[in-house]
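**Q** Under the working numbering, residues -11 to 884 are what the sequence shown spells out, in order.
Note that beta-carbon positions come from the ideal geometry of N, C-alpha and C, so glycine has one too.
One structure, pasted below without further comment.
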Amino acid sequence: MLDGSNPKQGKIWKKANLTFSFDGRTMTHDFLISPIGSHSAILGIKWLEKESPEIDWSTRQLSLPITTPETVTIAQEEEADDSPLAGIPEQYHVYAKVFGEEEFNKLPPHRHYDIGIELTEDGPLNSPLYSMTDAESVTLKEWLDAELKAGKIRPSKSSISSPVMFVPKKDGSRRLVVDYRRLNNRTKKNVYPLPRPDDLMSKLRGAKIFTKLDLQWGYNNVRVKEGNEWKTAFRTKYGLFESLVMTFGLTNAPAAFQYFMNDLFQDLLDVYVIIYLDDILIFSKDKAEHESHVHQVLQRLETAQLFCKGSKCEFHRTKVEYLGIIVSDQGFSLDRLKIQAVQEWPVPTTVKQVQSFLGFANFLRRFVANFSHMARPLHNLVKKETSWKWTEKEQAAFEGLKRAITEAPVLAHADPDKAYFLETDASGAALGSVLSQRQSDGRLHPIGFLSESFKGAEVNYDTHDKELLAIIRLLEHWRIYLEATSEPVTIFTDHRNLEYWKESRTFNRRHAQWHLLLSDFNFQIVYHPGKQSGKPDALSRRSDHADIPPDDQSMLPSSVFANLATVLPEKEIQRQIEASLHLDESLDKILTHLQDESKAPPSVKKGFKYYEMEAGLLFYQGKILVPDVGTLRKDLLRIFHDSPLAGHPGRQRTLELLSRSYYWPGIRADVYIHVDSCETCQRIKLPKTKLIPAQPLEVPSRPWQHISYDFITDLPKDGPYENVLMVVDSFTKYGLMIACSKKTKAPELVEIFLRHVWSSFGMPEKTVSDRGTVFNNKFLKALYQRLGIDPHFSSAYHPQSNGQTESLNPTLEHFLRAYASVNQNDWVKWLPMAQFAYNNAVHSSTGKSPFRALYGWEPTLTPSKIPVNVPEAEDLANTMEKQWQEIASALRQSKD
């Protein structure tokens, strides 16, 4: 126990980390789980040591000491070094001012590279004041006093203003920032070019010795252009102020600062100095001339009142890291920046991990010679009939593919004159990305890959914030390419809400900080469904990242919920089919033939006579041929089996639904595998019972001439309903499922028939029902006689006469078990879809679906783009599709 002895009540079972409250304070501690009698918990020595409670031995009471009131400290852009000249070679100590901070509090002079802010005509420029805690207010006032004293800000009478806020830093301090988003949106962009990375690197060839200088407080050393100060105005609870120096967060700050650096070192650039914003690299061919070069650079910095962070500077090195690139006297390498994620990919240990690696590598097949041959051992390993066995052959294939990916011509060189494309994805454990540019062949070629694990609290971010954090990390990682581009960087994400994030209101400090970080980048976010993002998905789901589970967890196991398919509309899938045809190598000959069919000899034409192209789709015997690319086939299986409009039918019904419009080799086997492995179907599967064969009195000659009906009773109460009235047309087998009350009487039953049956399909000549008290009621008999309806009743001894209605009951039960909630008290809303699913499935007695038997055509589950070649029909189809979208939108809003 707590004194080290063995527990008398029982053994320790487990260890748990619990959060609880004591004396008004919330705390988290580890507890050992063990039978301890009547006590719920015991706080032991470890708790006493950590919390140090105050103990009143006379009253035997514990209390926690009062905590220190909240304090807020402002973080400087750069903290000064305790010993500024430590690590600085002696010959450079004459420039002590460059490495100190004594001169920093002086207002820099106006120069011709001061930052100007040119406004466009449209858009608001005022934002509401953000609230602050008492401690933040005190610190804000102190900061304002210090900045006013230094002359960096002054009181303002501007007609526009931006709010200020505190953004937490990792060290516990907070950075005071101005939210300039609205100002940035109305600022004309300065397209002064940042250096091209390939140009910078080309100047270093032949250099043997390097010195790297890191400027601190760079932006604050540029003045705001005279007459533009009012545009930088920021509002606080203590008044309105404007900045006299360039601040972090202004959209044109990078361009203005680069102009400053280029102007200051114009005659030295590319001779023995290269500069990217505040990163300066001095390079020379020998030590003697290198010292002279460093002296000249430091002298100019001192004259310009610019300062360096001594602890971040490196002097007289033969190898330095500059902008993430390793520069040495032997040359330079981009490997670390571009392909670290692929180089470090761990050896797969399961089939799933091999599939993940192949899914990523497959994207590069068009750039790698003999890709199929190289990857064949790995492809063979993931076949269903192959048992897992990782040998030297598989290891060689794995390493060979990694080498092929990391060597030319796989990775394209970055071209600053072309637009960049960034594909991102964030799983529960990690982020992944591919940076690409469109090359002369019209395709996107990768420039670099990145895969990183989330750290600390980031693991617990929700999906939205993880996807957003991935974008920020990747922009920062590839900053030398992506910062201040003339064309916007297109960022593909599989999280639709991020498309609108740039225009959204800032709801928390984290988002405010991220907005600030992104202000230096010109980008646009475009939604890209996850199934189209295999490359970053694979990087974010590497096996060595998978030990961190996603944070979303449920109290109940997933098996108690239906496998509800969030399906794409068929029209979207058909667009993807059209775009993916050329990616399936097995279709190359067919597509080539159809593109130039006129020149083919008759014998060749005969071999392709069942294929045709229409509206960008490939048809085989009148059905859309689905290429074996990505998850296209799986998506269609989800529509025609998993979705509520399909209703989790069996093998044959699923195959029939899918085969109405689609085909691919092996479609039957894929359907059988999908249905047999469906978790929902396994869970809701009922023991097979012998269905009662239907024995109608006679065969009707038209729809709705004869009907049968019956009640399903005693369902879980859903509002006023606990029964379902089942009505079946004996001719077409079309069924109606109508919710009703257990207390329904004969007059109310007549109203139900009038509203749901007679008003739509007319009066039947004959009906079949059981001998329930409602159906065998005198009132109903008299009404039938008056209407000329011939009622028939099945007996308990011969229920076959109403067999077709009885056989519908298991169908409804199967559907509701799949989709109703755990408590099954929301079944009424599912009845219309259950009715649709039943009527859309082929009936064994007619060979047609009840819907087609009644109306003459098959319904579609989602909007499709199969061409009809009739302009008026196309217009009508487009109108109906628009209405579909409007209804779906209205339904979503009504749910909210």
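1. Specify, as a first and last residue, the run of the alpha helix (DSSP H) that Ala414 falls within.
2. Helix, strand or coil: which one does DSSP assign to His694?
3. Is the number of C-beta pairs between the stretch 733 to 744 and the stretch 834 to 847 that are closer than 8 Å three or more?
4. Can you grab the Cα-Cα spacing for the pair Glu464 / Ala4, in whole Å?
5. Which first and last residues belong to the alpha helix (DSSP H) in which Thr885 is found?
6. Please report the distance separating the alpha-carbon of Asp405 from that of Gly604.
7. Is there contact between the stretch 686 to 697 and the stretch 712 to 722, where contact requires at least three CB pairs shorter than 8 Å?
8. How about Val179 and Val212: do their beta carbons lie closer than 8 Å?
9. Which whole-angstrom value describes the C-beta separation of Pro72 and Gly298, a residue pair presumed to lie in contact below a C-beta threshold of 8 Å?
10. Straight-line CA distance for Pro545 to Val342?
11. Scan the stretch 198 to 280 and note each continuous alpha helix (DSSP H) run of 4 residues or more that stays entirely inside, going in chain order.
12. Please state the DSSP three-state secondary structure of Gly420.
13. Please report how far the alpha carbon of Phe8 lies from the alpha carbon of Met15, in whole angstroms.
14. According to the neighbour-count rule (16 or more other Cβ atoms, all chains shown, within 10 Å of its Cβ), is Arg656 buried or exposed?
15. Measuring CB to CB, does Phe803 end up less than 8 Å from Ala822?
16. Looking at the structure shown, is Arg99 part of a helix, part of a strand, or coil, going by DSSP?
17. Go to Lys377, then tell me how far its alpha helix (DSSP H) extends in each direction, as first and last residue.
18. For Asp658, which residues from the same chain have a beta carbon less than 8 Å from its beta carbon, with the 5 sequence-adjacent residues on both sides left out?
19. Just to confirm before moving on: does the CB-CB distance between Tyr722 and Ala825 stay below 8 Å?
20. Which of the three DSSP states, helix, strand or coil, is assigned to Ile886?
21. For Gln823, which three-state DSSP category applies?
22. Are there 16 or more other CB atoms within 10 angstroms of the CB of Thr554, so buried, or fewer, so exposed?
23. Only counting the same chain, and skipping five residues up and downstream in sequence, which positions put a Cβ closer than 8 Å to that of Asn711?
24. Name the residue from Leu643, Tyr650, Val447 and Ser647 whose alpha carbon lies nearest to the alpha carbon of Tyr660.
25. If we ignore side chains and look at the alpha-carbon of each, how far apart do Pro336 and Arg163 end up?
26. So who's on the other strand from Asp453, going by DSSP bridges?
27. Name the residue from Lys705, Gln293, His278 and Glu109 whose alpha carbon lies nearest to the alpha carbon of Val259.
28. Quick one: grab the DSSP three-state call for Ile24.
29. Determine which residues share a DSSP beta bridge with Arg174 and list them.
30. Applying the criterion that 16 or more other CB atoms from any shown protein chain within 10 Å of the CB defines a buried residue, is Pro890 buried or exposed?
31. Would you check if there are 3 or more beta carbon pairs closer than 8 Å linking the stretch 93 to 100 to the stretch 203 to 219?
32. Have a look at Val86 and Lys300 and give me their C-alpha separation to the nearest angstrom.
33. On the criterion of 16 or more Cβ atoms from any shown chain inside 10 Å, does His831 qualify as buried, or is it exposed?
34. Excluding the 5 residues preceding and the 5 following Asp317 in the sequence, name in chain order all residues of the same chain whose CB lies nearer than 8 Å to its CB.
35. Using DSSP bridges, identify the partner residues of Leu153.
36. Alpha carbons only, please: which of Ile43, Thr199, Trp218 and Gly104 is nearest the one belonging to Leu113?
**A** This is what the structure gives:
1. Here the question's residue 414 lines up with position 426 in the sequence shown. Unbroken run through Ala414 is the beta strand (DSSP E), Tyr408 to Ala414; no alpha helix (DSSP H).
2. The residue labelled residue 694 in the question sits at position 706 within the sequence shown. His694 carries a strand assignment under DSSP once its states are collapsed to helix, strand and coil.
3. Taking a cut-off of 8 Å for Cβ pairs, the stretch 733 to 744 and the stretch 834 to 847 do not touch, as fewer than three such pairs fall below it.
4. In the sequence shown, residue 464 corresponds to position 476, counting from 1. In the sequence shown, residue 4 corresponds to position 16, counting from 1. If you take the alpha carbons of Glu464 and Ala4, they lie about 38 Å apart.
5. Residue numbering for the chain in the displayed model covers -11 to 884; residue 885 lies beyond these limits and cannot be assessed.
6. Start at 1 with the first residue of the sequence shown, and residue 405 comes out as number 417. Start at 1 with the first residue of the sequence shown, and residue 604 comes out as number 616. Taking the straight line joining both Cα atoms gives about 32 Å.
7. Remark: three or more beta-carbon pairs, one from each stretch, lie closer than 8 Å, so the stretch 686 to 697 and the stretch 712 to 722 are flagged as touching.
8. One-based indexing of the sequence shown puts residue 179 at position 191. One-based indexing of the sequence shown puts residue 212 at position 224. Contact flag unset, no.
9. For the purposes of this step, residue 72 is taken as the residue at position 84 of the sequence shown. For the purposes of this step, residue 298 is taken as the residue at position 310 of the sequence shown. About 5 Å; that satisfies the 8 Å criterion.
10. Locating residue 545 in the sequence shown gives position 557, counting from the first residue. Locating residue 342 in the sequence shown gives position 354, counting from the first residue. Confidence at Pro545 is low in this model, with a pLDDT of 30, below 50, so the placement of that residue should be treated as unreliable; the coordinate-derived value is given next. Answer to the nearest angstrom: the Cα atoms are 28 Å apart.
11. Runs of the alpha helix (DSSP H) spanning 4 or more residues and lying entirely within the stretch 198 to 280 occur at 241 to 252, in chain order.
12. Residue mapping note: residue 420 aligns to position 432 of the sequence shown, counting from 1. Under the three-state reduction of DSSP output, Gly420 falls in the strand class.
13. To locate residue 8, count along the sequence shown from 1; it is residue 20. To locate residue 15, count along the sequence shown from 1; it is residue 27. Whole-angstrom Cα-Cα distance: 6 Å.
14. The sequence position of residue 656 within the sequence shown is 668, counting from 1. Exposed is the call here.
15. Sequence index remark: in the sequence shown, residue 803 carries index 815 (1-based). Sequence index remark: in the sequence shown, residue 822 carries index 834 (1-based). Yes, the Cβ-Cβ distance between Phe803 and Ala822 is below 8 Å.
16. What you label residue 99 is simply residue 111 of the sequence shown in a count that begins at 1. Here DSSP, grouped into helix, strand and coil, assigns Arg99 to coil.
17. Looking up residue 377 in the sequence shown gives position 389. Looking at the DSSP string, Lys377 is not in any alpha helix (DSSP H), and its letter there is neither H nor E.
18. Locating residue 658 in the sequence shown gives position 670, counting from the first residue. Counting only Cβ-Cβ distances below 8 Å, and skipping sequence neighbours, we find Arg621, Leu625 and Trp652.
19. The count along the sequence shown starts at 1 and reaches residue 722 at position 734. The count along the sequence shown starts at 1 and reaches residue 825 at position 837. Not a contact, by the Cβ cut-off of 8 Å.
20. A question about residue 886 goes unanswered here, because the residues of the chain that appear run from -11 up to 884.
21. As a working mapping, residue 823 is identified with position 835 in the sequence shown. Helix, per DSSP.
22. Working through the sequence shown from its first residue, we reach residue 554 at position 566. Because Thr554 carries a pLDDT of 43, less than 50, the predicted location of this residue cannot be relied on, and no value is offered for it.
23. Your numbering for residue 711 matches position 723 in the sequence shown. Phe699, Ile700, Thr701, Asp702, Leu703, Ala727, Cys728, Ser729, Lys730 and Thr732.
24. Along the sequence shown, one-based indexing puts residue 660 at 672. If you compare the alpha carbons of Leu643, Tyr650, Val447 and Ser647 with that of Tyr660, the shortest gap goes to Leu643.
25. Here residue 336 corresponds to residue number 348 of the sequence shown, with the count starting at 1. Here residue 163 corresponds to residue number 175 of the sequence shown, with the count starting at 1. Answer to the nearest angstrom: the Cα atoms are 44 Å apart.
26. By one-based count along the sequence shown, residue 453 stands at place 465. Bridge partners of Asp453: none, in fact.
27. By one-based count along the sequence shown, residue 259 stands at place 271. Ranking the options by Cα distance to Val259, first place goes to His278.
28. Here residue 24 refers to the residue found at position 36 when the sequence shown is read from its first residue. Ile24: coil per DSSP, three-state reduction.
29. Within the sequence shown, the letter at position 186 stands for residue 174. Residue pairing from DSSP leaves Arg174 without any beta-bridge partner.
30. Lying before the first or after the last residue shown, residue 890 is absent from the chain, which here runs from -11 to 884.
31. They touch, by the three-pair rule.
32. In the sequence shown, counting from the first residue as 1, residue 86 sits at position 98. In the sequence shown, counting from the first residue as 1, residue 300 sits at position 312. The straight-line gap separating the alpha-carbon atoms of Val86 and Lys300 is approximately 13 Å.
33. Within the sequence shown, residue 831 is the residue found at index 843, counting from 1. By the neighbour-count rule (16 or more Cβ atoms within 10 Å), His831 is buried.
34. As a working mapping, residue 317 is identified with position 329 in the sequence shown. Closer than 8 Å at the Cβ level, and outside the excluded window around Asp317, lie Ala195, Lys196, Ile197, Thr306 and Lys307.
35. Along the sequence shown, one-based indexing puts residue 153 at 165. As written in the sequence, residue 153 is Met, which differs from the Leu given in the question. Met153 pairs with Val165.
36. If you number the sequence shown from 1, residue 113 lands on position 125. Here the closest residue by C-alpha is Trp218.
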